[in-house]
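Numbering (the working numbering), first residue to last: 486 to 704.
The block underneath contains the structure these notes are about, expressed in C-alpha cells.
What follows is the structure, given as C-alpha cells:
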C-alpha cells in the first residue's frame with residue numbers, strides 16, 4: 486500500500502453495538518419454534534445476513550427441513566420488524582467510543598469511507614446516530630447475494646469508492662467479517678479478541694484505539 490485512500494467499516498460492533506437487539510429478536514423467534522439459543526450461539530450470527538442467521542438457528546434446532554422458502558421469509562420479516570421496534574430509540578450517544586473523533590480525523594485527511602454491513606437497516610441506524618454524512622457510501626445489503634465471509638460486500642464497497650483494494654483498509658469485529666475483508670484483498674483491522682480475529686493484520690481491543698496513524702502503519 487503506497488497511500489491510504491479508503492476505509493470500509495462494518496456497522497454492528499464497530500460503529501455502534503446493536504448485537505444485543507438482534508439477539509433479543511432472534512431469541513424470541515427461536516422460542517416460538519421451541520429452539521433455545523444463548524449468547525454463546527449468538528456469536529456465530531455476528532456479521533451474518535438475516536437469512537443465513539435464520540438457517541443457522543433452524544439447523545441448530547434440527548428444524549431446517551421443516552419450513553419452505555416462503556415460511557422462512559415470513560419468519561425473517563417477523564424478526565426484522567421486532568428488531569426495528571427495539572432500535573427506534575438508538576441515538577448519537579450509542580456510537581462506540583472514539584468513533585466520532587476517528588471519523589472526523591479521516592474526513593479531515595480526505596480519506597473516503599464506506600459502510601459494508603449485512604444489516605438492511607444500516608441507513609436508518611446511521612441516520613439515527615447522526616453520522617450518515619460522515620460516510621461517502623453505504624453498501625445496500627439488499628443487493629448483496631452472498632453474506633460474509635464471502636468477500637462480495639467488501640468488493641462492492643471498493644466499487645462504490647472507485648478505489649483498488651491495496652489503498653484501503655477494512656474494520657471488523659467478527660471473524661466472518663475479517664475473512665470477507667481479507668478475501669477481497671484488503672488489509673484488515675480487527676476490533677476485539679486477537680485469538681478470534683486471527684486473520685486480521687492488526688487487532689485492537691476497542692474502537693477507542695482507532696487512529697489514522699494506526700491505519701497508516703499498514704502502509
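Glycine is no exception: its CB is placed at the ideal position from the N, C-alpha and C atoms.
Small disclaimer: the values here were computed from a predicted structure and weren't measured.
Using a threshold of 8 angstroms, state whether the C-beta atoms of residue i and residue j are closer than that.
i           : j           : result
residue 663 : residue 682 : yes
residue 599 : residue 623 : yes
residue 688 : residue 675 : yes
residue 567 : residue 521 : no
residue 491 : residue 582 : no
residue 659 : residue 498 : yes
residue 584 : residue 500 : yes
residue 579 : residue 614 : yes
residue 610 : residue 575 : yes
residue 602 : residue 534 : no
residue 493 : residue 653 : yes
residue 589 : residue 532 : no
residue 569 : residue 527 : no
residue 695 : residue 587 : yes
residue 594 : residue 697 : yes
residue 549 : residue 562 : no
Once DSSP output is grouped into helix, strand and coil, what is the label at residue i?
i           : result
residue 673 : strand
residue 655 : strand
residue 486 : In this prediction, residue 486 has a pLDDT of 48, which is less than 50 and means its spatial position is unreliable; nothing more can be read from the coordinates.
residue 663 : helix
residue 646 : helix
residue 695 : coil
residue 685 : coil
residue 550 : helix
residue 680 : coil
residue 702 : coil
Throw me the rounded Cβ distance for the residue i and residue j pair, which I believe falls under 8 angstroms.
i           : j           : result
residue 703 : residue 686 : 6 angstroms
residue 509 : residue 571 : 7 angstroms
residue 636 : residue 665 : 5 angstroms
residue 643 : residue 597 : Actually they are not in contact, since the Cβ atoms of residue 643 and residue 597 sit about 11 angstroms apart, beyond 8 angstroms.
residue 592 : residue 619 : 6 angstroms
residue 511 : residue 564 : 6 angstroms
Runs of alpha helix (DSSP H) lying entirely within the segment 492–534, each at least 4 residues, in chain order: 504–517, 524–527
Ignoring anything shorter than 3 residues or poking outside the segment 561–639, list the beta strand (DSSP E) runs there in chain order. Those beta strand (DSSP E) runs which fall completely within the segment 561–639 and span 3+ residues are 597–600.
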